[in-house]
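Worksheet for the structure shown next.
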Amino acid sequence: MRILVPLDGSLLAERAIAPAAMLAHRSDTTASITLLWVDTLHQTQATVAEEFSADVAANVVDRTPQHLLYLARMRDLPALLQIDVSIQLVAGEPAPTIARVAGEQQFDLIVMASHVLTAFDAAMWGSVTETVARTSTVPTLIIRPEGPAFPDVAHVNPFSILVPLDETAFAEAALPGALLLAQAFRGEILLYHVIPPAAAQGHRDEAAYAYLDRIATRLAGSGVMVDRLLGHGNIATSIAALMLENRADVVAIATHGDDKFSIAENVLHHITAPMIVVHPTH
Numbered sequence: 202m203r204i205l206v207p208l209d210g211s212l213l214a215e216r217a218i219a220p221a222a223m224l225a226h227r228s229d230t231t232a233s234i235t236l237l238w239v240d241t242l243h244q245t246q247a248t249v250a251e252e253f254s255a256d257v258a259a260n261v262v263d264r265t266p267q268h269l270l271y272l273a274r275m276r277d278l279p280a281l282l283q284i285d286v287s288i289q290l291v292a293g294e295p296a297p298t299i300a301r302v303a304g305e306q307q308f309d310l311i312v313m314a315s316h317v318l319t320a321f322d323a324a325m326w327g328s329v330t331e332t333v334a335r336t337s338t339v340p341t342l343i344i345r346p347e348g349p350a351f352p353d354v355a356h357v358n359p360f361s362i363l364v365p366l367d368e369t370a371f372a373e374a375a376l377p378g379a380l381l382l383a384q385a386f387r388g389e390i391l392l393y394h395v396i397p398p399a400a401a402q403g404h405r406d407e408a409a410y411a412y413l414d415r416i417a418t419r420l421a422g423s424g425v426m427v428d429r430l431l432g433h434g435n436i437a438t439s440i441a442a443l444m445l446e447n448r449a450d451v452v453a454i455a456t457h458g459d460d461k462f463s464i465a466e467n468v469l470h471h472i473t474a475p476m477i478v479v480h481p482t483h
């Protein structure tokens with residue numbers, strides 16, 4: 202498993218390190234972590250050099266050595282001991298650069314932290330995290346610092362990942378990311394189908410259960426426990442209600458990658474549990 206953890210020097214971004222380390226330690230396959238810093242300063246220098254004199258451009262301080270020292274310090278954290286950890290510094294705009302690096306270098310998972318605060322830096326990083334989740338073809342695990350500890354080492358019940366499904370291949374794109382996490386934590390996947398209020402109740406429920414059974418059969422050889430659950434009503438509020446009842450530890454959901462990613466965005470803004478957001482390529 203190859204895990205990408207983007208950092209920007211903030212405590213918020215660093216909240217992603219411990220979950221990434223736990224995933225790497227628990228992975229059944231050889232795991233590695235890359236700590237990434239996206240350097241926007243070099244783009245600033247290029248703009249200044251084009252628009253102003255050489256003397257003015259020279260006054261733009263190059264902080265690259267500090268960024269590399271910071272990444273090296275993070276690499277030496279106790280949580281990352283005995284893990285293959287590398288560091289990268291890439292110039293560009295944060296969100297598109299993170300998504301590009303993750304795709305081009307074939308990472309299996311991006312781990313980032315996000316929450317809504319009035320503090321400017323935290324709000325900006327949260328925005329970056331959500332943009333990455335909407336646009337990256339690599340699954341993004343979003344950690345919510347306001348929520349319960351993740352991963353919770355004192356967890357008694359089986360680690361559970363909720364996967365909302367609607368009988369489309371698009372929604373099913375969240376399954377590989379959910380499997381990745383379930384296998385790492387020896388957990389279970391909870392397949393969740395919400396029936397819209399307008400649907401005919403009896404016949405629709407029967408068809409939905411049959412669909413969930415087919416998905417469970419597909420996952421039978423994965424070594425992960427699979428359960429199924431049927432709900433009724435609005436899907437976003439139904440998911441949020443389930444998470445408030447502690448029915449699952451993580452939500453894995455697909456996003457269309459639009460400016461506002463509908464159900465996935467509504468869920469993200471209403472729960473404090475971690476989410477795996479997947480942007481399917483098709």
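Residue 254 in my numbering is what sits at position 53 of the sequence shown, and the numbering runs on without skipping anything. C-beta atoms are modelled at their ideal positions from N, C-alpha and C, and glycine is treated no differently. This structure is a prediction, so every number in the text was calculated from the model and none was measured.
query, result
"For a test of the three-state rule: what should DSSP assign to PRO297, helix, strand or coil?", "helix"
"According to DSSP, is ARG405 part of a helix, a strand, or is it coil?", "helix"
"Could you tell me whether the stretch 302-311 touches the stretch 333-342, using the rule of 3 or more Cβ pairs below 8 Å?", "yes"
"The alpha helix (DSSP H) spanning PRO377 covers which residue range?", "376-385"
"Using only CA atoms, which one of LEU381, LEU272, ILE204 lies nearest to GLY424?", "LEU381"
"My guess is that VAL286 and ASP240 are in contact by the Cβ rule of under 8 Å, so how many angstroms apart are they, rounded?", "Actually they are not in contact, since the Cβ atoms of VAL286 and ASP240 sit about 19 Å apart, beyond 8 Å."
"How big is the Cα-Cα spacing for GLY432 and PRO397?", "9 Å"
"So, is ASP450 buried or exposed, given that buried needs 16 or more other C-beta atoms within 10 angstroms?", "buried"
"Measuring alpha carbon to alpha carbon, tell me which residue in ALA300, TYR393, LEU278, PRO377 is nearest VAL329.", "ALA300"
"Can you check whether the CB of LEU391 is closer than 7 Å to the CB of LEU420?", "no"
"DSSP on ILE234, reduced to helix/strand/coil?", "strand"
"Relative to the C-alpha of ILE477, which candidate in ALA442, MET426, SER315 has its C-alpha closest?", "SER315"
"Using a Cβ cut-off of 7 Å (strictly closer), state whether ILE454 contacts chain B.", "Included in the structure is just one protein chain, with no chain B present."
"I need the boundaries of the beta strand (DSSP E) containing MET159, first residue and last residue.", "Absent from the model: residue 159. The displayed extent of the chain is 202 to 483, so no value can be given."
"Ignore the nearest five residues each way along the sequence and tell me which others in THR319's own chain have a CB closer than 6 Å to its CB.", "Confidence in THR319 is poor, its pLDDT being 41 and thus under 50, which makes the residue's placement too unreliable to answer from."
"Which of helix, strand or coil does DSSP assign to MET426?", "strand"
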